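Using this note's numbering, the letters of the sequence shown map in sequence onto residues 2 to 248.
C-beta: ideal position from N, C-alpha, C; glycine also.
This structure is a prediction, so every number in the text was calculated from the model and none was measured.
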Amino acid sequence: MGAIQIVALSLVLSCLASGAAAFREGEFIPTARKAQFHEVRTQWHDLMGSHCPRFGQERLVALPLPKPHESLAVKDAYKLQLSFDGDRHVTPWLKVLGPGALPVPVVHVTLRRAGEEILGVVATVHTAPVEYEHQHKALVDEWLNASAWPKHLLIKYHFISEREVDLDQGLYVLMAIGLGSLMLLILNAAAGSEAKLARFLSDITSEGGAVLGGGGPAAAPPELVVAGGDRSEVAPAAAWKGGGKAE
Numbered sequence: 002m003g004a005i006q007i008v009a010l011s012l013v014l015s016c017l018a019s020g021a022a023a024f025r026e027g028e029f030i031p032t033a034r035k036a037q038f039h040e041v042r043t044q045w046h047d048l049m050g051s052h053c054p055r056f057g058q059e060r061l062v063a064l065p066l067p068k069p070h071e072s073l074a075v076k077d078a079y080k081l082q083l084s085f086d087g088d089r090h091v092t093p094w095l096k097v098l099g100p101g102a103l104p105v106p107v108v109h110v111t112l113r114r115a116g117e118e119i120l121g122v123v124a125t126v127h128t129a130p131v132e133y134e135h136q137h138k139a140l141v142d143e144w145l146n147a148s149a150w151p152k153h154l155l156i157k158y159h160f161i162s163e164r165e166v167d168l169d170q171g172l173y174v175l176m177a178i179g180l181g182s183l184m185l186l187i188l189n190a191a192a193g194s195e196a197k198l199a200r201f202l203s204d205i206t207s208e209g210g211a212v213l214g215g216g217g218p219a220a221a222p223p224e225l226v227v228a229g230g231d232r233s234e235v236a237p238a239a240a241w242k243g244g245g246k247a248e
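As structure tokens, then:
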């Protein structure tokens, strides 16, 4: 992977990390619900804190379901959908009333966490265990009574911790790797330019030496001044090579 791709990946990961909310232990997680009945879906409705999960804590709540404007017929189904952490995690539609629904349902919501963040949510519908029927008998009787509204749906929140990774530290490492790769790329490019510049200067120097070294007239031999009598005479140095006077 090139340096530019690594830097781009680091920026994308930093944006994603900044978009995810961080929760403290025991903090309420914003939750909303939506219902579907008579083949019509309602709008999202925010839940009160008493019905929301608390980060990192096991919790059992009784969520009130308002009565539909029109009574449910025997063939009508009532489905529920939950949203967590500002619609970042949304469950599928869960059938809790009507044909095919369990007599006394309990919705199990499993929230996957890593450090201070929520990674995902899974929701499934199960039959209420016998101890729930004894501990929450009034709610069970209410649920089984078709005319009793609002009905209270039992929801169990459960957290599982995955391998905790310090996302900030990971992003710093990725950015450091990207910047290091980018600097290496720049240095390699600079080294290539320096070699080209050196060859260019070498070519210019060699061409200049060739111009200065050849093609001009031959230089005259040095002259030798001979002192004699009452006057001086200038004679070519080549004439005195034999040691005698030139004739």
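| Item | Value |
| --- | --- |
| Cα-Cα separation, K138 to G121 | 32 Å |
| 3-residue-minimum beta strand (DSSP E) runs that sit fully inside the region 78-113, ordered along the chain | 79-85 and 95-98 |
| Cβ pair E134, V107 closer than 8 Å | no |
| Residue range of the unbroken beta strand (DSSP E) whose run includes E118 | E118 to T128 |
| Own chain residues within Cβ distance below 7 Å of T92, not counting five before or after | Q82, L83, V122 and A124 |
| C-alpha gap between A115 and R60, whole angstroms | 19 Å |
| Residue from I30, W150, S207 and R25 whose Cα sits closest to the Cα of D86 | I30 |
| Assigned secondary structure, L225 (DSSP; H/G/I helix, E/B strand, else coil) | With a pLDDT of 46 at L225, under the threshold of 50, the modelled position of that residue is not reliable, and no figure is offered here. |
| Range covered by the beta strand (DSSP E) that runs through H135 | Segment V131 to Q136 is the alpha helix (DSSP H) holding H135; no beta strand (DSSP E) there. |
| A78 and G50 closer than 8 Å at C-beta | no |
| Contacts around W150, its chain only, beta-carbon distance under 6 Å, and the 5 residues preceding and following it disregarded | K68 |
| Coarse secondary structure for K35, derived from DSSP in three states | strand |
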